[in-house]
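Protein chains: 2
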Amino acid sequence: MEEPSPSAAARALEDPAYAAAVVELLGAVAYGEISAFERLAQDARMAPRLEDKAELAKMAAVEYTHFERIRTHLEGLGADPMAAMTPFAAAFGDFHTRTASSDWLEGLVTAYVGDGLAADFYTEIAALLDADTRTVVLECLSDAGNSEFAVDRIRAEIARDHRIAGRLALWGRRLMGEALTQAQRVAAERDALTALLTGGVDRPGLDLAAMSRLFTRLTENHTKRMENLGLDA
Amino acid sequence: MEEPSPSAAARALEDPAYAAAVVELLGAVAYGEISAFERLAQDARMAPRLEDKAELAKMAAVEYTHFERIRTHLEGLGADPMAAMTPFAAAFGDFHTRTASSDWLEGLVTAYVGDGLAADFYTEIAALLDADTRTVVLECLSDAGNSEFAVDRIRAEIARDHRIAGRLALWGRRLMGEALTQAQRVAAERDALTALLTGGVDRPGLDLAAMSRLFTRLTENHTKRMENLGLDA
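Read top to bottom, the protein sequences are chains A and B.
For the first sequence, the residue numbers in our numbering are 94 to 326.
For the second sequence, the residue numbers in our numbering are 94 to 326.
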């Protein structure tokens, strides 16, 4: 894929509609990161072993560094990061309230599935962005080897007691359902962000068929992740 | 002060009693960091404004990086970091259980007072350590400008409603009392760590009078910090 030059990125942001959409998108990503930080730190408290606690704390710290990176970028665009994030507080808050973990393993599934979904979303949306914004979004992809930890721990627990698998499979379905519900709500409420996805006169975007294929890909990847954990999706 | 050469540091660690004490000390510091991480992340959830939440999340992330630094150092010494940390889980756990914040301002006072106490302790104990261990302990001192944030926010709240000051002053006394209780418990249980403080044949340490002066300094600094917040100690 050909990289647009930095000046092309700067030109893209001269379009006020596009610039507004980028601020909305980064606001959503930043809120997602700080929200993931809180969620992971909270779930770390339930970890049975100190090693597990340290792993979840590490994931939380990584989310915080992503948040800082995006906040700095928003400031560079002349936007107020907190104002950009605030519209997404309700959707992320509701997601986490409705999917509060009742134990450490549910928290670990949420960390793995949530991190994967976010990474998929960032990858998909990156293609629609100018080079500078794409770079900052893709920097939030790194998972620092946490996936392997989650997979190993969950598979080990299922090997120890196979009845866990049914409960965690249900949990994974609930997570995906709540994530889609909140994503739909955000799409309905945030016009600029939705316009970014559907494109503009001189900007690539997704038509209805492409949007449908995107959701199919997200769902398929979720299924693969559940299989990695040894769970039916 | 004259710096011992690195080889002097390595020689110091050849003394098994000193090496054991260093592992205990770093285990305690590491547990303190991960425990502070959890506490700050938990209190971040109570923050009324997104800016406040982000500040507490930042403090938590800083604690996590300190934890990683110490864990790596413990591994370099050939110690098992988790085994070194485990003996301190009960004391830190009890401290946090007995001082669980009932609101955001109490959490902020705990963050400020706790960070200050830890910094004082690290500074005091650093003088008794070999150069390498001293460096890693002093690296955990940096507060990244968080103190100013806590002072500004608490003073602003007291200006808004002066009745808060009485409640937070009581809270600060309770924090100091619980911290001393748990410190005493650790000192009673951990012989190697206590021996580090009191010194050895060829190692500087604190006699009873020096120990008493140390506690006086810690208490005086605590009083100054409470005054910074606009609170009676």
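Cβ atoms here follow ideal geometry from the backbone N, Cα and C, with glycine treated the same way.
From a predicted model like this one, the values you see are computed outputs, not experimental measurements.
Check                                                                                                                                        : Outcome
8 angstroms contact criterion, which Leu201 (chain A) and Arg253 (chain A) should meet: CB distance rounded                                  : Not a contact, Cβ separation roughly 14 angstroms.
Gly293 (chain B) (DSSP reduced to helix, strand or coil)                                                                                     : strand
Distance between beta carbons of Ala285 (chain B) and Ala172 (chain B), contact taken as under 8 angstroms                                   : So it is not a contact: roughly 12 angstroms between Cβ atoms.
Secondary structure of His255 (chain B), DSSP reduced to three states                                                                        : coil
Interface partners of Phe130 (chain A) on chain B, CB under 9 angstroms                                                                      : Ala134, Ala137, Ala150, Ala153 and Ala154
Cut-off 7 angstroms between Cβ atoms - residues of its own chain near Asn321 (chain B), not counting five sequence neighbours on either side : Val244
Span separating the alpha-carbon of Ser240 (chain A) from that of Tyr205 (chain A)                                                           : 6 angstroms
Reference Gly120 (chain A); option with closest CA among A:Arg278, A:Ala176 and A:Lys151                                                     : A:Ala176
Under 7 angstroms (Cβ pairs) to chain A, residues found in the region 103 to 128 of chain B                                                  : Ile127
Chain-ordered chain A contacts of Glu144 (chain B) [CB-CB under 7 angstroms]                                                                 : Met175
Proximity test, Cβ basis, 7 angstroms: Tyr157 (chain A) and chain C                                                                          : Checking the listed chains, one finds no chain C in this structure; the protein chains it contains are A and B.
Range covered by the alpha helix (DSSP H) that runs through Thr226 (chain B)                                                                 : Ala224 to Leu231
Proximity of Ala113 (chain A) and Leu210 (chain A) at Cβ, strictly below 7 angstroms                                                         : no
CB contact below 7 angstroms: Met319 (chain B) versus chain A                                                                                : no
Rounded distance between the beta-carbons of Leu299 (chain B) and Thr309 (chain B), thought under 8 angstroms                                : Not really, about 12 angstroms apart at Cβ, beyond 8 angstroms.
Secondary structure of Ala140 (chain A), DSSP reduced to three states                                                                        : coil
Nearest residue (CA-CA) to Asp196 (chain A), options A:Glu161, A:Leu167 and A:Pro141                                                         : A:Pro141
7 angstroms Cβ cutoff, Met304 (chain A) in contact with chain B                                                                              : no
Straight-line Cα distance separating Leu289 (chain A) from Ala182 (chain B)                                                                  : 49 angstroms
Cβ neighbour criterion (16 or more within 10 Å) applied to His255 (chain A)                                                                  : exposed
Alpha carbon of Gly293 (chain A) to alpha carbon of Asp225 (chain A), nearest angstrom                                                       : 19 angstroms
Rounded straight-line distance, which links the Cα of Asp213 (chain A) to that of Asn314 (chain A)                                           : 8 angstroms
Best match in B:Ala147, B:Gly270 and B:Gly207 for proximity to Tyr157 (chain A) [C-alpha to C-alpha]                                         : B:Ala147
Contact with chain B by Met269 (chain A), beta-carbon distance below 7 angstroms                                                             : no
Chain A contact residues for Thr179 (chain B), given Cβ-Cβ distances below 8 angstroms                                                       : Leu143
Reference His159 (chain A), options A:Arg138, A:Phe188 and A:Ile127, closest by Cα                                                           : A:Ile127
Distance, Thr165 (chain A) Cα to Arg164 (chain B) Cα                                                                                         : 29 angstroms
Where Ala105 (chain B) falls, given that 16 or more other Cβ within 10 Å makes a residue buried                                              : buried
Local conformation of Ser305 (chain A) per DSSP, three classes                                                                               : helix
When A:Thr274, A:Arg266, A:Ala123 and A:Thr287 are compared against Pro174 (chain A), the one with the closest alpha-carbon                  : A:Ala123
Beta-carbon separation (whole angstroms), Ala134 (chain A) vs Arg278 (chain A), contact threshold 8 angstroms                                : Actually they are not in contact, since the Cβ atoms of Ala134 (chain A) and Arg278 (chain A) sit about 25 angstroms apart, beyond 8 angstroms.
DSSP state of Ala167 (chain B) mapped onto helix, strand, coil                                                                               : Note on identity: in this sequence residue 167 (chain B) is Leu, with Ala being the wrong assignment. Leu167 (chain B) falls in the helix class under three-state DSSP.
Own chain, CB closer than 6 angstroms to Leu328 (chain B), minus 5 neighbours either side, in chain order                                    : A question about residue 328 (chain B) goes unanswered here, because the residues of chain B that appear run from 94 up to 326.
Where Asp196 (chain A) sits in the DSSP three-state scheme                                                                                   : coil
Inter-residue spacing [alpha-carbon to alpha-carbon] between Thr203 (chain B) and Met319 (chain A)                                           : 40 angstroms
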